[in-house]
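Quick note on the working numbering: the sequence shown kicks off at 65 and runs consecutively. Comments concern the structure below.
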Amino acid sequence: MAEIMVTGATGFIGSRLVSELLEKKYLVSTLVRDGKHTKEKTNEIVGDVTDSALSFEGRSFDCVFHLASCTPLEKNSAILEKVNLAGTKNLFQAIKNKTKSFIYVSGLGVYGNPGEKIIDESYPHDPDTNFVKIRLEAEKYLREECKKNGIDFAVMYFGDVYGSSGWFNDMLIQRLKKKSFRLPGGGKYLKAFVHVDDAVGSMIAVFEKKAFGESYIVTDSTPVTFKDFVNFTADQINAKHPGNIPNFLAKAVLGSDLITLLTTPLKVSNKKISKIYSFKYPNYKKGILQVISEIKEKN
Ligand SMILES: NC(=O)c1ccc[n+]([C@@H]2O[C@H](COP(=O)([O-])OP(=O)(O)OC[C@H]3O[C@@H](n4cnc5c(N)ncnc54)[C@H](OP(=O)(O)O)[C@@H]3O)[C@@H](O)[C@H]2O)c1
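Quick look at the structure:
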């Protein structure tokens with residue numbers, strides 16, 4: 065069976081990816097920081113992407129799924145550059161002779177603010193946040209280096225990924241329950257969401273179908289305003305619909321990049337990924353219902 069290396073395996077999407085890969089009987093290795101462990105048993109390599117001594121000596125992988133990163137909640141630009149750009153380069157240099165393929169995870173922020181157009185992968189990148197500019201530099205580096213080194217490469221541009229952990233639980237469900245959630249700018253901007261199982265499933269499909277050499281927009285098929293998404297979620301947990309917070313105040317609390325990424329309206333096409341992957345949750349309503357029942361089971 066193929067051997068996969070997952071970075072960011074202790075995170076929200078990475079941990080789900082690990083579970084699915086194990087379920088599919090892959091051999092799974094993970095890069096975990098000192099003191100951290102994956103929920104399920106994997107072949108753990110202890111290390112930080114920024115560590116110059118990072119080594120995968122004696123190992124070989126069919127694919128690296130690179131998810132380790134700081135999120136847009138990180139406001140310190142030097143840390144973002146260190147982890148998301150220098151860390152990605154460092155990881156690549158350490159692993160380039162050990163893997164046949166490499167899948168990089170990024171987000172829809174690469175398209176900036178395209179206005180009303182429905183965009184697909186051919187739309188030019190035009191990032192308007194420092195966070196995404198750094199991620200695009202890392203992507204460019206990986207694309208070029210993979211080409212030079214004969215490594216198959218693909219990049220996934222995820223919409224906002226929701227699931228029973230990560231921001232959906234920590235920042236939305238928990239705050240709706242405590243009545244402390246507010247909608248930045250009123251929430252009337254169209255968003256592209258994707259259930260974590262589909263985020264993970266689409267990545268595995270790219271590997272299994274050998275659909276490399278491409279980039280993929282990964283979102284469900286049901287655009288929805290953030291306000292409607294949040295209110296639907298609130299209804300399922302019998303919480304009140306939240307009030308609003310002006311963007312400038314939300315930026316002061318959560319950082320400018322995060323709020324810009326959250327509040328930029330976006331209409332995207334998932335046609336390309338849909339040719340190789342069949343979404344389990346093409347509609348956010350079904351996805352949210354599944355996630356909420358999973359959260360209830362956990363508690
Ligand atoms: N969640 C979304 O809605 C979304 C949307 C679009 C794209 N993405 C992208 O998907 C990827 C995964 O996101 P996520 O939501 O799963 O993030 P997450 O829950 O914050 O997980 C981040 C992971 O990266 C690891 N990490 C951070 N810094 C590291 C370092 N210096 N060395 C090694 N590992 C490090 C963390 O390890 P520790 O446990 O040790 O901290 C954790 O496992 C990211 O690239 C993110 O930008 C996410």
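Virtual Cβ for every residue (Gly too), placed ideally from N, Cα, C.
Bridge partners of residue 225, per DSSP?
-> Indexing the sequence shown from 1 puts residue 225 at position 161. Among the bridge pairs identified by DSSP, residue 225 is matched with 258.
Give the DSSP bridge partners of residue 281, in chain order.
-> Numbered from 1 along the sequence shown, position 217 holds the residue referred to as residue 281. In the DSSP output, where bridge partners are listed per residue, residue 281 has 221.
Counting only runs that start and end within the segment 150-235, where is the beta strand (DSSP E) found for 3 or more residues in a row?
-> 165-171, 216-222 and 224-226
Distance CB(residue 73)-CB(residue 106) smaller than 8 angstroms = Looking up residue 73 in the sequence shown gives position 9. Looking up residue 106 in the sequence shown gives position 42. Yes, the Cβ-Cβ distance between residue 73 and residue 106 is below 8 angstroms.
Check: residue 123 C-beta below 7 angstroms from any heavy atom of ligand 1 = Looking up residue 123 in the sequence shown gives position 59. Outside the cutoff, so no.
Quick one, are the C-beta atoms of residue 335 and residue 184 less than 8 angstroms apart?
-> Sequence index remark: in the sequence shown, residue 335 carries index 271 (1-based). Sequence index remark: in the sequence shown, residue 184 carries index 120 (1-based). Yes, they are a contact pair.
Is the distance from the Cβ of residue 301 to the Cβ of residue 240 below 8 angstroms?
-> In the sequence shown, residue 301 corresponds to position 237, counting from 1. In the sequence shown, residue 240 corresponds to position 176, counting from 1. The Cβ-Cβ distance between residue 301 and residue 240 falls below 8 angstroms.
Quick one: any contact between the segment 79-97 and the segment 106-122, if contact means 3 or more CB pairs under 8 angstroms?
-> yes
Could you say if the segment 255-270 and the segment 346-362 meet the contact criterion of at least three C-beta pairs nearer than 8 angstroms?
-> yes
Quick one: is the Cβ of residue 246 within less than 7 angstroms of any heavy atom of ligand 3?
-> Although ligand 3 was asked about, the structure shown includes only ligand 1 as ligands.
Per DSSP, which one or two residues make a beta bridge with residue 127?
-> Along the sequence shown, read from residue 1 onward, the residue named residue 127 stands at position 63. Beta-bridge pairing links residue 127 to 68.
With 16 other CB atoms within 10 Å as the buried threshold, where does residue 154 fall?
-> For the purposes of this step, residue 154 is identified with residue 90 of the sequence shown, where counting begins at 1. With 16 or more other Cβ atoms within 10 Å, it is buried.
With 16 as the cutoff for other CB atoms within 10 Å, does residue 235 come out buried or exposed?
-> Translated into the one-based positions of the sequence shown, residue 235 becomes position 171. The residue is exposed, with fewer than 16 neighbouring Cβ atoms inside 10 Å.
Taking 7 angstroms as the cut-off, does the CB of residue 251 come closer than this to any heavy atom belonging to ligand 1?
-> Taking the sequence shown and counting its residues from 1, the one referred to as residue 251 is at position 187. Residue 251: no, Cβ never under 7 angstroms from ligand 1.
Closer than 8 angstroms, CB to CB, is residue 271 near chain B or not?
-> Protein chains in the displayed structure number just one, and chain B is not present.
Residue 359: which of 160, 226 and 200 sits nearest, CA to CA?
-> On the sequence shown, position 295 is the one that residue 359 refers to. Comparing Cα positions, the closest option is 226.
If you follow the beta strand (DSSP E) that residue 308 is part of, which residue opens it and which one closes it?
-> Taking the first residue of the sequence shown as 1, we reach residue 308 at position 244. Note, residue 308: beta strand (DSSP E), 307-309.
Using three-state DSSP, classify residue 33 as helix, strand or coil.
-> Here the chain comprises residues numbered 65 to 363, so residue 33 is not present and cannot be evaluated.
Option in 168, 361, 130 and 327 with minimal Cα separation from residue 246 = Counted from its first residue, the sequence shown places residue 246 at position 182. Comparing Cα-Cα distances from residue 246 to each of 168, 361, 130 and 327, the minimum goes to 327.
Which of helix, strand or coil DSSP assigns to residue 239 | Translated into the one-based positions of the sequence shown, residue 239 becomes position 175. In the structure shown, the three-state DSSP call for residue 239 is helix.
Beta-bridge pairing of residue 248 - partner residues as DSSP gives them | To locate residue 248, count along the sequence shown from 1; it is residue 184. Per DSSP, 309.
Exposed or buried, which one is residue 218 when buried takes at least 16 other CB atoms within 10 Å?
-> Your numbering for residue 218 matches position 154 in the sequence shown. It counts as buried.
Tell whether a beta-carbon distance below 8 angstroms holds between residue 170 and residue 145.
-> Here residue 170 refers to the residue found at position 106 when the sequence shown is read from its first residue. Here residue 145 refers to the residue found at position 81 when the sequence shown is read from its first residue. In this structure, residue 145 does not lie closer than 8 angstroms to residue 170 by Cβ.
Rounded to whole angstroms, how far is the Cβ of residue 82 from the Cβ of residue 102, which I believe are closer than 8 angstroms?
-> Here residue 82 refers to the residue found at position 18 of the sequence shown. Here residue 102 refers to the residue found at position 38 of the sequence shown. About 5 angstroms; that satisfies the 8 angstroms criterion.
Supposed close pair residue 337, residue 266 - CB separation, criterion 8 angstroms | The residue labelled residue 337 in the question sits at position 273 within the sequence shown. The residue labelled residue 266 in the question sits at position 202 within the sequence shown. The pair is a contact, with the Cβ atoms about 5 angstroms apart (cut-off 8 angstroms).
Provide the residue(s) that pair with residue 91 in DSSP beta bridges, ordered along the chain.
-> Residue numbering aside, residue 91 sits at position 27 when the sequence shown is read from its first letter. Per DSSP, 67.
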